[in-house]
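Protein sequences, first through last, are from chains G and R. Under my numbering, the first residue of the first sequence carries the number 1314, and numbering increases by one thereafter. Under my numbering, the first residue of the second sequence carries the number 55, and numbering increases by one thereafter. Ideal Cβ positions, reconstructed from N, Cα and C, are used throughout, including at glycine. Every value quoted in this text rests on a predicted model; they were computed, and no experiment measured them. Structure first, commentary second.
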Amino acid sequence: MSGPTTTSILPPAVQQQLSMKLLARPMPDLIHTTMGYPITMDQQAGDILRRRRYQNLLTAPVPLGNGIVDPPAQQLTALDIDARIDWYGTYLILQEQVMLINEDPVLNSAVSTLGQSLRETEDQLARSMMEGGAPPINCTSGTNGDNPSNISPLDCSKAVRLLRTANAQFIQDIIEGENKFGTAPVRTAFFGLGHTNLSADLDQMLGFINVANYANNSNLLQAEWGSVRNIRFLLSSVGSITPNASANLQDVYNIFLPGQESYDMVDLDGYSAQFIYAPPEIASPRLRLYQTAGWKMAQVFNITNTSWIVNLRCTLGVAI
Amino acid sequence: MSCQILTGSFVNVASTPKFIPITAQINEFRLWNLTRSGVTSQGIAGSLTSDRIVEAFFNPNLMGSGTALIKQNGTVAGVLAPLNNGVAAINGMSLFDSSIYAQGPTIAIASFVPGTTTVFTTGAAHGFRVGDNVRIGNMTSAPEMGGLVMTVTAVGSPTTFTTLFDSTNSLTSVGSVFKVGNINVQNQSLYYPQWRAIASISLANPMVVTLLVQQNYQIGDKVRFQIPTVFGMQQLVSGPNGLPIEFTVSAVNNAVGTQTVTFANVDSTAYTAFAWAAAANYPYGLPVMVPQGEGNTNNLLGVVPTPLPYANQNILGFATQNTGQRGILIGAGDGTNSATTGGIIGSTVDAWAWECISSSQTYY
């Protein structure tokens, strides 16, 4: 045989090389657990955690006078708030041959994806709890003709008014104005936890301040999009949507506005997040054919004062 | 790692789908109607019956949701019946997962009759059952009803159904409706208790509140109300200081079609009447009853607290909990594989046995 030796004549023995730099996975911002008040329940103490809030007493503005007769006594009463923990978990079964043949360290990725699964489950549970329990108010001042309407500054004000009238405390302090071009002060604020599809509607709103225009952006959360009136919005791709739920059967976007200590994030002592790995000699003792890895947790989210959290419902004004 | 076989039994409620919660992966599900096969079981006398489904098989990986491979009795002769093999095309079996949103087909609403309860007429057979939760929308001349979820309290005919919505102030309208769930299975929100939209509130002592969607309440549960001003009865919302007022439930009737909560210590006789606002006030917020926590029944009129003197100890009705479930839903119809009226569970009360296989490995 004569002639040039090309790759047709002499191909590489192996055509691919797997890059050991694995591709990034999509990781949503987990916004629904960020405002939860963490509390731990003791083991061997039942599965229901009871919390108690005493009711305020009436004021006593009438003078006692100069007599010796006692005024009427008030009764001290309390409200009990209960929550029952549940167990959650998922796992992988990894065949031994998978570990032996694949070029990348599969178990490393397994651990990483399991960790993400746990945190996303937590976030979903917090979101679901708020969907069911946070009292709804509809946006009605938007212009799209639906009910709820698209979000407007007035709707934001109404939601904040409701919370403040119930004495819900703001989450964030004021950001004072500074002498910087293009910036503005930001009011004391509740966080609004919503879906990323709302970003265009927020951008369109009169008075919206993007995070880039905050006078000081040293304490921003990654998911923060901007602020309107007394609400700073955290947006996530796993924000809450109720499908086809408006008057015109469009998707309804739930924006949760929790005040301080409005909901609990209860876990069980020593059981908040467990990574469980069973090596082949335990998972498959006869021939060590596979190993397992998983996570388990005991948890419940619970609204402790429904007057201190609001679900501001809206539809989109800017179509997707 | 091993294959799991789960087994169980139940007695169905006539004409009512049966949900069996199963945490394990469901690879195959088999079902036997013992009663209609002539077997006496679980207190139900066997009765070998012609033209009834007596066996059903479902493999979610190989078969469409809501179907089943069935065996149906032929004509009974003495103590035996021949078996006919076939497919249940509707109301067979389907996997169910509370965390996954499921929506039924959209049905056109042709009209409704305004009244203290509302009877809707659809343009085509709706297929709803009593206890289904449906969402109304696109109501052209009654937009105030749009987006509301209501429990179906009666099915008058294949094209009519009733809910507790008080539409006295509404104009009849065309629109759309679809099923979003059933009172017996948790919705996508997973958690109990949930806020509920108010259908009506009485002007009476004690005050009675009727809800649009059934929920399981308990005496001693504590609630508050959030009612937009256009609905009236602002006395329930907040006191002179603007703070929300809380109320303790003294009696409940959770039956579908009643769906009432009674407040013995509330005399609403002199309150401003509650009424669903008319279309002129559209859009507005929802009037809702919001679960708040557990109360103390010691001071409730007409309620004997137990155990004395600590009448708050056994009240856990509003303990927040995740009631989501996974499992299999067995459809109901006339107990045959009829393409229009069929369903595995029929109109009789029967004893059933089932077997679920959770495979460790599946080969295709």
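Query raised in the report: On the three-pair Cβ rule with 8 Å, is the region 1364 to 1381 of chain G touching the region 1589 to 1599 of chain G?
Result: Result no; under three Cβ-Cβ pairs closer than 8 Å.
Report task. Identify each residue in the region 147 to 170 of chain R for which the Cβ-Cβ distance to at least one residue of chain G is less than 9 Å, and report them in chain order. Result -> From the region 147 to 170 of chain R, only 153, 155, 157 and 160 have a Cβ closer than 9 Å to chain G.
Query raised in the report: So what does DSSP say about residue 125 of chain R, is it helix, strand or coil?
Result: DSSP places residue 125 of chain R in strand when its eight states are reduced to three.
Query raised in the report: Per DSSP, residue 1399 of chain G is paired with what?
Result: G:1612, per the DSSP bridge assignment.
Report task. Could you check which residue in G:1317, G:1607, G:1573 and G:1587 has the C-alpha nearest to that of residue 1485 of chain G? Result -> Of all alpha-carbon atoms in G:1317, G:1607, G:1573 and G:1587, the one lying nearest the alpha-carbon of residue 1485 of chain G is that of G:1573.
Query raised in the report: Can at least three beta-carbon pairs, one atom from the region 311 to 326 of chain R and one from the region 249 to 267 of chain R, be found at a separation below 8 Å?
Result: Touching, per the Cβ criterion.
Query raised in the report: Would the beta-carbon of residue 73 of chain R fall within 8 Å of that of residue 238 of chain R?
Result: Judged by their CB atoms, residue 73 of chain R and residue 238 of chain R are nearer to each other than the 8 Å cut-off.
Query raised in the report: By the criterion of Cβ-Cβ separation under 7 Å, what are the contact partners of residue 373 of chain R in chain G?
Result: For residue 373 of chain R, the C-beta contacts it makes with chain G under 7 Å involve 1361, 1395, 1396 and 1397, in order along the chain.
**Report entry** For residue 1578 of chain G, the residue or residues it bridges with in DSSP
**Finding:** Looking at the DSSP output, residue 1578 of chain G bridges to G:1351 and G:1614.
Query raised in the report: So, helix, strand or coil for residue 285 of chain R, using DSSP?
Result: Secondary structure of residue 285 of chain R (DSSP, three-state): helix.
Query - Nearest to residue 65 of chain R (by Cα), restricted to the options R:406, R:413 and R:417 - result: Residue R:406 is the option with its Cα nearest to residue 65 of chain R.
Query raised in the report: Using a C-beta cutoff of 8 Å, does residue 1392 of chain G count as contacting chain R?
Result: Taking Cβ atoms only, chain R reaches closer than 8 Å to residue 1392 of chain G, which makes this a yes.
Query - Test item: CB-CB of residue 1630 of chain G and residue 1460 of chain G under 8 Å - result: No.
Query raised in the report: Roughly how many whole angstroms lie between the Cα atoms of residue 364 of chain R and residue 189 of chain R?
Result: Each residue's alpha carbon lies about 42 Å from the other.
Query raised in the report: Would the beta-carbon of residue 120 of chain R fall within 8 Å of that of residue 92 of chain R?
Result: No, the Cβ-Cβ distance between residue 120 of chain R and residue 92 of chain R is not below 8 Å.
Requested in this report: Note down, in chain order, every chain G residue with its Cβ under 7 Å from the Cβ of residue 340 of chain R.
Outcome: What residue 340 of chain R touches in chain G: 1449 and 1451.
**Report entry** Any non-hydrogen atom of the ligand COA closer than 7 Å to residue 1347 of chain G Cβ
**Finding:** With respect to small molecules bound, the structure shown includes none, and the ligand COA cannot be examined in it.
Requested in this report: Take the Cβ of residue 1366 of chain G as the centre, count every other Cβ of all protein chains shown within 10 Å, and call the residue buried at 16 or more, exposed below.
Outcome: Per the 10 Å Cβ criterion, exposed.
**Report entry** Where residue 1427 of chain G sits in the DSSP three-state scheme
**Finding:** Of the three classes helix, strand and coil, the one that applies to residue 1427 of chain G here is helix, per DSSP.
Requested in this report: Just mark residue 1423 of chain G as buried or exposed, buried being the case when its beta carbon has 16 or more other beta carbons within 10 Å.
Outcome: It is buried - the Cβ of residue 1423 of chain G has at least 16 other Cβ atoms within 10 Å.
**Report entry** Rounded straight-line distance, which links the Cα of residue 1410 of chain G to that of residue 342 of chain R
**Finding:** Taking the CA atoms as reference points, residue 342 of chain R sits about 57 Å from residue 1410 of chain G.
Query - Distance, residue 302 of chain R Cα to residue 1347 of chain G Cα - result: Spanning the two alpha carbons is a distance of roughly 32 Å.
**Report entry** Pair within 8 Å by beta-carbon distance, residue 1394 of chain G and residue 1364 of chain G
**Finding:** Yes; because the gap between Cβ atoms is below 8 Å, this pair is in contact.
Requested in this report: From the DSSP output, read off the bridge partner residues of residue 1527 of chain G.
Outcome: For residue 1527 of chain G, DSSP records a beta bridge to G:1497.
**Report entry** CB of residue 1575 of chain G within 8 Å of CB of residue 1538 of chain G, strictly
**Finding:** One thing to note: residue 1575 of chain G has its Cβ no nearer than 8 Å to the Cβ of residue 1538 of chain G.
Query raised in the report: For residue 1566 of chain G, does the count of other Cβ atoms within 10 angstroms reach 16, so buried, or fall short, so exposed?
Result: Buried, because 16 or more other Cβ atoms sit within 10 Å of the Cβ of residue 1566 of chain G.
Query raised in the report: Going along the chain, which residues of its own chain have a beta-carbon closer than 8 Å to the beta-carbon of residue 404 of chain R, five neighbours each way excluded?
Result: Contacts found: 65, 66, 87, 88, 89, 90 and 98.
Query - residue 1414 of chain G - containing alpha helix (DSSP H), residue span - result: For residue 1414 of chain G, the enclosing alpha helix (DSSP H) begins and ends at 1409 to 1414.
Requested in this report: May I ask you to report which of helix, strand or coil DSSP gives residue 237 of chain R?
Outcome: Three-state result, residue 237 of chain R: coil.
**Report entry** Distance between residue 1550 of chain G and residue 1336 of chain G (C-alpha atoms, nearest Å)
**Finding:** Distance between residue 1336 of chain G and residue 1550 of chain G, taken at the CA atoms: about 20 Å.
Query raised in the report: List, in order along the chain, the chain G residues whose C-beta lies closer than 7 Å to that of residue 409 of chain R?
Result: Residues of chain G with a Cβ closer than 7 Å to the Cβ of residue 409 of chain R do not exist; the shortest Cβ-Cβ separation is about 24 Å.
Query raised in the report: residue 393 of chain R to residue 268 of chain R, Cα distance in whole Å?
Result: A direct Cα-to-Cα measurement between residue 393 of chain R and residue 268 of chain R gives close to 31 Å.
Report task. On the DSSP bridge assignment, give the partners of residue 1607 of chain G in chain order. Result -> Partner(s): G:1404 and G:1589.
Report task. Label residue 1513 of chain G either buried or exposed according to how many other C-beta atoms from any shown protein chain fall within 10 Å of its C-beta, with 16 as the threshold for buried. Result -> Exposed, by the Cβ-count rule.
Query raised in the report: Since residue 284 of chain R meets chain G, which of its residues come closer than 7 Å, beta carbon to beta carbon?
Result: Residues of chain G whose Cβ lies closer than 7 Å to the Cβ of residue 284 of chain R do not exist, since the nearest Cβ in that chain is about 10 Å away.
Query raised in the report: When DSSP labels each residue in this structure, what does residue 1623 of chain G get in the three-state scheme?
Result: Strand.
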